[in-house]
Every structure is written in structure tokens, then in C-alpha cells.
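Worksheet: one structure, shown below.
In this note's numbering, the protein residues as written are 185 to 539.
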């Protein structure tokens, strides 16, 4: 493995003659910084310590958050793969606008440190580019940030989006920007993303393509298995149902633990949500409840302070098959979210008495 710190690395305009100088800077952030700066300082110190691993925590969107160990050599390989794939060389001007408490923010720091980027940091907020006078070669955001940054995306050349699904409406709006935007597929266990798909421009595609030295297979449940020896010594088995197009490409269909079996027909909530996203503007998701005849029936759950009716969405439902159409509608004034902005579906359903 190459050194953990590139000599050209800069952080908020500061250059560092050695790893020891960077540690001193990181200690200052950790002891005197704001909440997001404390997380940055803490992780830099962890990256430069004598251990051969780092500790990261999962977001908790599909279960209880947990901490896992990742070997630094695997983290290095993942960061290097991203820099190579997107042709982000030494002195790339990049922006960190995600929390360094989680893998996506940590990986922006690692990429910058090992590739010698000029990295600027800003507190994670819904529009990190607002009132920003500088332009950037590269950044990473969650969909919520992208939506609120549409007017300012011209300040970024290349953007990767992760941490949640990109709605059809947002994807349509991205066709109007000059920024090259890519959706990413990955998880904490794969050390951030291991596949990408272009969301706009001539290369736009619904197919995820693997990063170098990554390939895929399916298990007996048609769930994706990831083979990436550079970042994991074991095959990573996911709960994601995909259509495998080749050993290095797939179409994402949905999570197996979300599949609804209604009258013997399998309905993927993610596919239904993608169809409805053209018409429903407030936060929502598709789930199920028990049904005496069907076994399960599809329901629509919306975040709204007002009481809504199924009839309010009759036009939207015209895009759905008979089995996909929600049979009940539930509203809740405020969804429960993870720190990274994902809806905690199970907890929302539990609050409705559905779990």
C-alpha cells in the first residue's frame, strides 16, 4: 500500500509538510472545531494512527446502526479506485459537504489525502454550494442536497450522488445542468460505492457499471453478490434484488426485505415509488399491511400535516398496475429519518401500528 498521506494534500488551503503537521491541525479541529470539524479531525487522527483498520458505523436505515472494522488497505484501494475511475488527479479541487461521522464523508477525506487533492470542507447542509464563490472539480452529495443545489450545480464539474434513491423528477431536472452527475451503488460494508451509473448527458443510463476489479453474481434469491478482493476478503451478499446484465453490470430492482407478496404477485416498493415520484411531491414510501384475501396489500405512507385521501392520487395511480395500486393511505406529520437523511421505514410503520 502507498503512503496514507500524499505530499500535495491541502485542507481548507493549508498544506502540510508531514503527517505530524496534519495531526497537529486535526487535533486543533477536534478540540476547538464545530461539530462537523470535530468529526473531520477525529477521523484524520484515526486514519494516521498505527492501527491497520478504521471503525465506521452504518446509517441504520434498514436496521439498528452498528460499528464495523474496515482494513486501511481496503479503504485505500476503494479511494484509489474512485480517483482513477473519475480521473481525479493530484491537485483536484474537491468539496466535502457530508458528515465525516459516516463512510461517505470519511471516504472523501481519504481520497483527498491519498491522491493529493485540494479539499475544502463545509458543514453538511441542504445547499452547500449556496453563497459559494469557488468552483470545484468534484464533490459528493445525498439526493436531498442535490435537489436543493440545482441552481448552483454549475459550480461543480463532477458529482456523485449516494445515500438514497434519485427520484425520476430529480433525474429529469439534472438533464438541464452541465455538471456530470453519477448515481452510486454501495454500502458501508463495500467501503462506499462499487458501481456507478451516469444520470445525465450522452452517457445517461439506468444500468450500474462496476468499478475496476469488481464483479457480480446472484444468489438463489436473485440478490446481488459482490466480489471485490481489493476491498473485501469475503464475498459481500446483499439484500438487493437486481437484474444481472453481465458480471460487471446490473439494473437495481429493490430490496428483498421490502418485497410485497399480494395475491401471489411480487411487488417491489422501489419500482412503485419511482413511478409515483413524478406525481407526489411530499416525502412518501410504499409498504404493506396484512390482508385476509391477498395475504398482503400495498399501502402508501405520506409525510403530511394534512389528512390526505387515496382519491387525491388517482391520477398518479393510473401509472400503476392493479396489484401495485395502494389499497390504503396513511399520513404522519413527520417521518423519522437517519442522520444521513434516509427514512426509517420500519420505525414509521411501527408508529402507525403496522409492525
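Glycine included, each C-beta is placed from N, C-alpha and C at the ideal position.
Every value quoted in this text rests on a predicted model; they were computed, and no experiment measured them.
Three-state secondary structure (DSSP) at residue i?
i	result
residue 453	helix
residue 491	coil
residue 241	strand
residue 278	strand
residue 321	strand
residue 569	Limits of the chain in this structure are 185 at one end and 539 at the other, which puts residue 569 out of reach.
residue 475	strand
residue 199	strand
residue 289	helix
residue 256	helix
residue 391	coil
residue 445	strand
residue 509	coil
residue 232	coil
residue 404	coil
residue 267	helix
residue 349	coil
residue 541	What is shown of the chain runs 185 to 539, which leaves residue 541 out entirely.
residue 224	helix
residue 283	coil
Can you tell me whether residue i sits near the ligand NAP, meaning its C-beta is under 7 angstroms from at least one heavy atom of the ligand?
i	result
residue 469	The ligand content of the structure shown is nil, which means the ligand NAP is not present either.
State the Cα-Cα distance for the pair residue i and residue j, rounded to the nearest angstrom.
i	j	result
residue 381	residue 485	29 angstroms
residue 218	residue 199	21 angstroms
residue 304	residue 408	35 angstroms
residue 410	residue 434	11 angstroms
residue 518	residue 366	30 angstroms
residue 296	residue 189	9 angstroms
residue 507	residue 207	58 angstroms
residue 469	residue 516	12 angstroms
residue 412	residue 293	22 angstroms
residue 514	residue 371	30 angstroms
residue 283	residue 300	21 angstroms
residue 464	residue 453	15 angstroms
residue 385	residue 415	30 angstroms
residue 222	residue 204	18 angstroms
residue 195	residue 461	38 angstroms
residue 306	residue 495	43 angstroms
residue 237	residue 256	5 angstroms
residue 500	residue 509	10 angstroms
residue 527	residue 403	27 angstroms
residue 537	residue 475	15 angstroms
residue 287	residue 324	12 angstroms
residue 312	residue 446	42 angstroms
residue 353	residue 331	10 angstroms
residue 258	residue 421	17 angstroms
residue 202	residue 229	13 angstroms
residue 401	residue 436	13 angstroms
With 16 as the cutoff for other CB atoms within 10 Å, does residue i come out buried or exposed?
i	result
residue 375	buried
residue 368	buried
residue 309	exposed
residue 361	buried
residue 261	buried
residue 532	buried
residue 491	exposed
residue 239	exposed
residue 268	exposed
residue 405	exposed
residue 359	exposed
residue 233	exposed
residue 419	exposed
residue 481	buried
residue 438	buried
residue 431	exposed
residue 285	buried
residue 466	exposed
residue 429	exposed
residue 390	exposed
residue 426	buried
residue 442	buried
residue 379	buried
residue 302	buried
residue 457	buried
Mind reading off the beta-carbon distance from residue i to residue j? Whole number of angstroms is fine, and I expect it under 8 angstroms.
i	j	result
residue 346	residue 377	6 angstroms
residue 529	residue 477	Rounded, the Cβ-Cβ distance is 25 angstroms, inconsistent with contact.
residue 440	residue 423	5 angstroms
residue 504	residue 459	6 angstroms
residue 355	residue 337	With a Cβ gap of about 13 angstroms, residue 355 and residue 337 do not count as contacting.
residue 211	residue 225	7 angstroms
residue 322	residue 392	No, residue 322 and residue 392 are not in contact; Cβ-Cβ is about 20 angstroms, not under 8 angstroms.
residue 227	residue 290	5 angstroms
residue 298	residue 265	About 11 angstroms separates the two Cβ atoms, so there is no contact after all.
residue 525	residue 326	5 angstroms
residue 357	residue 343	Not quite, the Cβ-Cβ distance comes to about 13 angstroms (not below 8 angstroms), so this is no contact.
Taking Cβ positions only, does residue i come closer than 8 angstroms to chain B?
i	result
residue 325	Looking at the structure shown, chain B is missing, and only one protein chain is on hand.
Quick one: any contact between the stretch 248–255 and the stretch 268–281, if contact means 3 or more CB pairs under 8 angstroms?
no
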